[in-house]
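K.L.:
Residue numbers (my numbering): 2 to 1224. This is the structure I have questions about; it appears just below.
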């Protein structure tokens, strides 16, 4: 049987049908290195992102809502029912399709087991020949009717499990599809390849994202969050019970013995107090009987006393009433006498006798009033005449004063006007002098400016001549001729140099081609060797190896190859560790009676015999093709070597011509330099003469400035002298006028003073004449007072008749009753005296009888008080014993005095015992209350709640001493059991984290082993990544480590005893790290990463994204990222024959040499690069298998063919001659 070599799994083409290029089909061949070019925002990166979709990245992660694409993936890429994204790809079993389309506004996938054909997506054409696309709602049915095997999935996760081969045995619906459509080799998978491809395109230097990527790979796509779940509540309860039990153990040695002793003391004292209570009840009955007898005797005595009191009280009240009545009569008479006496005094105060005498002279008073009024009127008339005379004199003097005042004011106004006129004239003269000064200064400045301008013109002319000094025309002509000759020589030299560079570039390209062909030849030889080895391995599978399944079947089954052998792959037959056996047909894990380790068969040997045969045939064909290719490459190398030899001869000739022309250039340059030196010396001599002339002009200009300054000083001095002369001329006139003005002002002031004195003298004369006539104010006031007195006297006498009449009536009526009232008052007072004597005698008799009653009552009360005290004492003592039970009748009797003497001590002892019980119980309860949810506390609380009343905690103390120890034993057993169980779980979680630490270190070494192969770049040496575990510094890990140490020490020594206190402390420390019954931590937080790179022979370390950017340049950091991500891709695919397509955006920042190295790196790993470069450098454009241009204005993709690019044409022709097939 001939074995065929399986082709590498790879993406071949990306086809867009009616996608974001509406109504168009875009087809891009990505089977080799491919580039997209176009203007900015043409959609290059948008197309590159489809590579991530093929490798099973979620659409939502691929298309973020930013940049150009602001819609969802479906709305942008698959906007219509006829929109498709088709990925045509190669697997180990043939060419397949992965089709993406939209359904219910979400992405759906369809795997198709055949190559892409446009006819698969079009219906019958329209009458006009137009092709009609099949809507995605009918595409599955369309392939089904054509009997094409397909598999439809509706979620990105299911698509990922199929395309990357990660579906497991439990995914029964996806397992068969995985075998048919996966990129991975049979029995293998490409888990996490999607994240690596996405990271290469994202170009993200964020270390957090890089760590997320590494963790995803380490966890094989599992959840990044490490989660340890434990019922923290139960752990907390265990910790509470543990702490409660330790507290109880402490109490058992310190408090509980004291509590037991106090309980015993309380029981003994309670027995004695019960007997005392029985005796006190008997004494209380006896005292009660005595109290009743004495109370009756005292009541009889009180009744007798009350009857006597009533009798004497009536007599006393009668006498008191009589005394009160007589006192009332006396008081009434006295009040009437006092009223009459007061009214008599009131009439005496009114002086009725004087009133009668004055009333008789009323006419005389009226005559006096009339005479006084006439005299006042005569005096007032004479005073008025004198006042009128002096008013005329005052008016005359006032007129004289104002006439003189007006005359002086007029003279002062004239003098002030004349003084102002003189001041105006002075100012005008001073102004004219100032004007003359300004005119003189202006004329001087004009003369100075004119002279300065003449000097400056001469100086400017001199400077112009200095600047105009230049080489002669003959010398300039010689220099121009030399420079022209130099230019011609340079152009010839540049042409020869360009030709030499072209020859060198051709030689370099030839060398590159030779190296590439030699590399291809070496690769071809290696491939032949690999294919022959693979063929031999497959052929060896047909020979039964010792202890293999093949040998087992040969030895145990006749004609096995015609029965069960038809269903077993050669790799399965050759396996030596499948544990073959035969069992009943109905066995669950057998096939035609053969029982095997089917999990191992499934994982390691998923190939069928047909597949192996196809692989052997492909290997044979491939070996034949490789041998032919090797021979053609050898011929091509020889042809290139001949071309290189011819180019070397041409290059030697060109270099000789360049050397001769360089000598000529040196000679011309020397001639030009000599001419320049001669002209420079002539120019320096001319400049020296002109500079001397300019210096003389500058000195003359400075002298002119100094002379002008002296002249200005002279003009200013002349102006000052003139001003001084004018001031002296006008000073005399000013002094004379100022004296006259001052004299006039003094006269005006004197006139005012004389006027005031004259007015004062006239007023004094007026007063003297009035005095001579006895017309003064005092006389007039005396007359006024006399008139007022007479008017008041006449007013009083008008009411005199009525007052006199009332006085006569009082004397005849009220005042005549005064004697009879005095007699009545005397008789009533005598009756009061007699009655008061009778009342005093009665009071003495009452006091004697009351004294006898008190004497008898006190004797009975003393007896009653004593018995009452004993009774009260008995009751009080009985009440104090109310909480105690009464003893039986046979109880021992105790005297009342004994009980009273000893009860306090016994009660005190009992209370002390109860207080101790309560204190100790409270200590126990309070210590247990700290452990809120502990079983011990709950047991105590349950007992407390069952008790209706227990004020002194006596009952709960009995429970603590007698019943609680039984509960403690059960709790102790549970705590020890749970401590062992939880300790094992937490210790196991610590071991799990420790394994993660080992896995991180191993993964770091594994990644670096792949990175070492990537050091192929210019100026960039060894690259490595360091994963540093952080578990030792992680607080959760530290807490678990401490707990594990304590747990192991306890379990090793004595696991039957209660764990030590350090165990509980360590457990508490761990519990504080739990949140919602979980310990959750991201795997990426368990380590730190750093990159090391040798850049320009200098070791650099990057511990952050910014450090990585700063290592050398953006291009260099991108190279490091690409080397890193492709290493992860190589690690993921391992030995699988898979060609990974990496989307890489913007290589423009990377040097040409490193771009070539980058392509070599991808070729070495048998991977492919898909780039987006707007205008790729022709120096590395030839490495692309296909090139496409996105024509944005025309809204289409255009493939750049060999006819469009001469360089691509030459490369294509070379490839055609080497391989024998068109590109």
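The C-beta atom is built at its ideal place from N, Cα and C for all residues, glycine as well.
#1: Is the stretch 1137 to 1153 touching the stretch 192 to 203 in the sense that three or more CB pairs, one from each, lie closer than 8 Å?
#2: Helix, strand or coil: which one does DSSP assign to residue 1191?
#3: Which of the three DSSP states is assigned to residue 19 in this structure?
#4: Start and end of the beta strand (DSSP E) containing residue 38?
#5: Can you give me the Cβ contacts of residue 67 inside the same chain, cut-off strictly under 7 Å, excluding the 5 residues immediately before and after it?
#6: Just to confirm my understanding: we take residue 767, look at its own chain, exclude 5 residues before and 5 after, and list those with CB closer than 6 Å. What are they?
#7: Give every residue of the same chain whose Cβ lies closer than 7 Å to the Cβ of residue 607, excluding the five residues on either side of it in the sequence, and list them in chain order.
#8: Just the Cα atoms here: how many angstroms apart are residue 459 and residue 431?
#9: Please state if the CB of residue 91 and the CB of residue 112 are separated by a distance shorter than 9 Å.
#10: If you drop the 5 nearest sequence neighbours on each side, which residues of the same chain put their C-beta closer than 8 Å to that of residue 1163?
#11: In terms of residue numbering, what span does the alpha helix (DSSP H) encompassing residue 920 cover?
#12: Give the list of continuous beta strand (DSSP E) stretches no shorter than 3 residues that lie fully inside the stretch 135 to 217.
#13: Alpha helix (DSSP H) containing residue 76: first to last residue?
#14: Under 9 Å, do residue 501 and residue 634 count as touching if we go by C-beta distance?
#15: Quick check: the stretch 142 to 152 against the stretch 51 to 65, are there 3 or more CB pairs under 8 Å?
#16: Excluding the 5 residues flanking residue 457 on each side, which residues of the same chain have their C-beta closer than 8 Å to its C-beta?
#17: Is the distance from the Cβ of residue 324 to the Cβ of residue 862 below 9 Å?
#18: For the stretch 233 to 249 against the stretch 1061 to 1081, do three or more pairs of beta-carbon atoms, one drawn from each stretch, fall closer than 8 Å, so that the two count as touching?
#19: Quick check: the Cα distance between residue 199 and residue 52, rounded to an integer number of angstroms?
#20: For residue 1057, which three-state DSSP category applies?
#21: Just to confirm my understanding: we take residue 338, look at its own chain, exclude 5 residues before and 5 after, and list those with CB closer than 8 Å. What are they?
#22: Classify residue 1224 as helix, strand or coil using the three-state DSSP reduction.
#23: Under three-state DSSP, which class holds residue 94?
#24: If you check the beta carbons only, do residue 26 and residue 16 fall under 9 Å apart?
#25: Could you say which of 1040, 903, 84 lies nearest to residue 994 if we only look at CA atoms?
#26: Which residue comes first and which comes last in the alpha helix (DSSP H) that contains residue 247?
#27: Please classify residue 170 as buried or exposed, where buried requires at least 16 other C-beta atoms within 10 Å of its C-beta.
#28: From 835, 43, 705, pick the residue whose C-alpha is nearest to that of residue 451; which is it?
#29: Going by DSSP, what residue range makes up the beta strand (DSSP E) through residue 1144?
#30: Cutting at 7 Å between CB atoms, please list the residues of its own chain near residue 1071, excluding the five before and the five after it.
#31: Just the Cα atoms here: how many angstroms apart are residue 1241 and residue 1139?
#32: Is it buried or exposed, residue 190, if we count other Cβ atoms within 10 angstroms and call 16 or more buried?
#33: Under 9 Å, Cβ to Cβ, is there at least one residue of chain C near residue 1059?
#34: Would DSSP call residue 1166 helix, strand or coil?
#35: Under 9 Å between the Cβ atoms of residue 196 and residue 137?
#36: Compute the distance between the beta-carbons of residue 20 and residue 78, then report whether it is under 9 Å.
P.N.:
Put simply:
#1: yes
#2: strand
#3: coil
#4: 35 to 38
#5: In this prediction, residue 67 scores a pLDDT of 45, lower than 50, which makes its location untrustworthy; the coordinate-derived value is nonetheless stated afterwards. Hits under 7 Å: none found.
#6: 391
#7: Reliability fails at residue 607, whose pLDDT of 48 lies under 50, so the model's placement of it is uncertain and the value that follows must be treated cautiously. Cβ within range, chain order: 180, 187, 188.
#8: 43 Å
#9: no
#10: 34, 1127, 1143, 1169, 1170
#11: 897 to 930
#12: 151 to 154
#13: 74 to 78
#14: no
#15: no
#16: 702
#17: no
#18: yes
#19: 8 Å
#20: coil
#21: 819, 822, 823, 826
#22: At residue 1224, the pLDDT of 30 sits below 50, so the modelled position is not reliable; the number obtained from the coordinates is stated separately. In the structure shown, residue 1224 sits in coil (DSSP, three-state: anything other than H, G, I, E or B).
#23: coil
#24: yes
#25: 1040
#26: 233 to 255
#27: exposed
#28: 705
#29: 1142 to 1146
#30: 987, 1040, 1041, 1044
#31: Residue numbering for the chain in the displayed model covers 2 to 1224; residue 1241 lies beyond these limits and cannot be assessed.
#32: buried
#33: Protein chain content of the structure displayed is limited to a single chain, and chain C is not contained in it.
#34: coil
#35: no
#36: yes
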